[in-house]
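Below: one structure, written as structure tokens.
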Amino acid sequence: MRREYQFDGLVGPTHNYGGLSPGNVASAEHEGQASSPRSAAHQGLAKMRFVRDLGVFQAVLPPHDRPSLASLRRLGFRGSDEEMIAAAGAGDGLLLRICSSASAMWTANAATVSPSSDTADGRVHVVPANLQHMFHRAIEARTTTRILRALFGATEHFVVHEPLPGSRQFADEGAANFIRLETSRGAAHGFA
């Protein structure tokens with residue numbers, strides 16, 4: 099029996115309009131505006147409830163821990179968590195906005211999934227996206243992989259791979275740039 103699920107990400111408490119995605123019109127138009135993470139989370143939950151009520155199986159991915167203290171350390175910040183956050187927020191605060199991004203809520207960018215009907219071993223294969231084009235998204239890959247491995251831990255049915263190496267040749271934006279087409283003759287996977 100085939101069952102399809104809609105995965106949504108829960109908006110985290112550090113949701114902000116940082117304008118971090120060049121070329122994204124909505125991101126640019128809202129840059130610097132005040133955000134309401136609680137309202138955004140409630141809107142997301144209402145949408146998930148609506149989808150579920152339509153009869154679609156619904157799953158929820160948790161928000162990532164933000165700000166990403168590991169990323170701040172990799173960028174050279176030292177001291178207590180509070181000292182690093184204060185230092186990253188100094189000046190224009192760009193590094194703090196980047197490391198506090200709640201963009202993991204956009205689950206279309208989380209991974210690419212190959213259903214068991216299309217794989218040689220009959221298991222669902224999940225490849226977390228490396229999102230290497232923008233730093234605020236690239237820092238999601240490690241946590242997303244960990245979450246997906248916890249969700250899909252039944253290895254007799256699922257394989258959660260490592261993200262592809264980060265490079266121009268292997269840039270991976272997840273299922274946002276992917277489509278699966280199926281006919282009576284088989285299925286084809288298209289990547290943009």
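The number in our numbering is simply the position in the sequence shown, starting from 1, with 98 added. We put the beta carbon where it would ideally sit given N, CA and C, even for glycine.
- Item | leucine 194 and proline 165 closer than 8 Å at C-beta | Looking up residue 194 in the sequence shown gives position 96. Looking up residue 165 in the sequence shown gives position 67. In contact: leucine 194 and proline 165 (Cβ atoms closer than 8 Å).
- Task: Give the DSSP-derived three-state secondary structure of glutamine 156 in the structure shown.
- Result: For this step, residue 156 is matched to residue 58 along the sequence shown. Strand, per DSSP.
- Query: From aspartate 219 to valine 257, what distance separates their C-alpha atoms?
  - Reply: Taking the first residue of the sequence shown as position 1, residue 219 is located at position 121. Taking the first residue of the sequence shown as position 1, residue 257 is located at position 159. Their Cα atoms are separated by approximately 10 Å.
- Inter-residue spacing [alpha-carbon to alpha-carbon] between aspartate 270 and serine 201: The sequence position of residue 270 within the sequence shown is 172, counting from 1. The sequence position of residue 201 within the sequence shown is 103, counting from 1. Each residue's Cα considered, the two are about 16 Å apart.
- Does DSSP classify glutamine 141 as helix, strand or coil? Reading the sequence shown from its first residue, position 43 is the one you call residue 141. It is helical.
- Message: What does the alpha-carbon distance come out to for the pair histidine 287 and histidine 259?
- Response: Walking along the sequence shown from the start, residue 287 turns up at place 189. Walking along the sequence shown from the start, residue 259 turns up at place 161. Whole-angstrom Cα-Cα distance: 18 Å.
- Task: Indicate whether alanine 227 and threonine 210 have their beta-carbon atoms separated by less than 8 Å.
- Result: Here residue 227 refers to the residue found at position 129 when the sequence shown is read from its first residue. Here residue 210 refers to the residue found at position 112 when the sequence shown is read from its first residue. Against a cut-off of 8 Å, the Cβ pair of threonine 210 and alanine 227 comes out as a contact.
- Query: Hey, valine 109 and alanine 132 are a contact pair by Cβ (cut 8 Å); roughly how many whole angstroms apart?
  - Reply: Counted from its first residue, the sequence shown places residue 109 at position 11. Counted from its first residue, the sequence shown places residue 132 at position 34. Their Cβ separation, rounded to whole angstroms, is 15 Å, which puts valine 109 and alanine 132 out of contact at 8 Å.
- Task: Whole angstroms is fine: what's the gap from alanine 157's alpha carbon to threonine 241's?
- Result: As a working mapping, residue 157 is identified with position 59 in the sequence shown. As a working mapping, residue 241 is identified with position 143 in the sequence shown. About 17 Å.
- Leaving out five residues before and five after tyrosine 103 in sequence, what residues of the same chain have Cβ atoms less than 6 Å from its Cβ? Counted from its first residue, the sequence shown places residue 103 at position 5. Once the five neighbours on either side are set aside, the close Cβ partners of tyrosine 103 are Phe155, Ala157.
- C-alpha gap between phenylalanine 250 and arginine 221, whole angstroms: By 1-based counting over the sequence shown, the position of residue 250 is 152. By 1-based counting over the sequence shown, the position of residue 221 is 123. Cα-Cα distance, rounded: 11 Å.
- alanine 273 and leucine 279 closer than 8 Å at C-beta: For this step, residue 273 is matched to residue 175 along the sequence shown. For this step, residue 279 is matched to residue 181 along the sequence shown. Not closer than 8 Å, so no.
- Nearest CA to the CA of glycine 142: which residue from Pro160, Ala126, Gly130? Looking up residue 142 in the sequence shown gives position 44. When only C-alpha atoms are compared, the closest one is Pro160.
- Could you pull the start and end residues of the beta strand (DSSP E) that serine 199 belongs to? On the sequence shown, position 101 is the one that residue 199 refers to. That residue, serine 199, is in no beta strand (DSSP E); it is neither H nor E in DSSP.
- Top-ranked residue by Cα proximity to asparagine 275, from Gln230, Ala188, Asn207: Against the sequence shown, residue 275 aligns to sequence position 177. The shortest Cα separation from asparagine 275 among Gln230, Ala188, Asn207 belongs to Asn207.
- CA nearest to the CA of proline 111, picked from Arg171, Met146, Asp163: Locating residue 111 in the sequence shown gives position 13, counting from the first residue. Answer by Cα proximity: Asp163.
- Query: Using a Cβ-Cβ cut-off of 7 Å (strictly less than) and excluding sequence neighbours within five positions of serine 125, which residues of its own chain qualify?
  - Reply: Stepping through the sequence shown from its first residue, residue 125 is reached at position 27. If we look at serine 125 and ignore the five residues flanking it on each side, its Cβ neighbours are Gly117, Leu118, Ser119.
- In whole angstroms, what is the alpha-carbon distance linking phenylalanine 289 and glutamate 181? Here residue 289 refers to the residue found at position 191 when the sequence shown is read from its first residue. Here residue 181 refers to the residue found at position 83 when the sequence shown is read from its first residue. For phenylalanine 289 and glutamate 181, the distance between alpha carbons rounds to 43 Å.
- Residues in its own chain within less than 7 Å of leucine 246 by CB, not counting five upstream and five downstream? Within the sequence shown, numbered from 1, the residue matching residue 246 stands at position 148. Same-chain partners within the cutoff: Ala209, Val224, Pro226, Val258.
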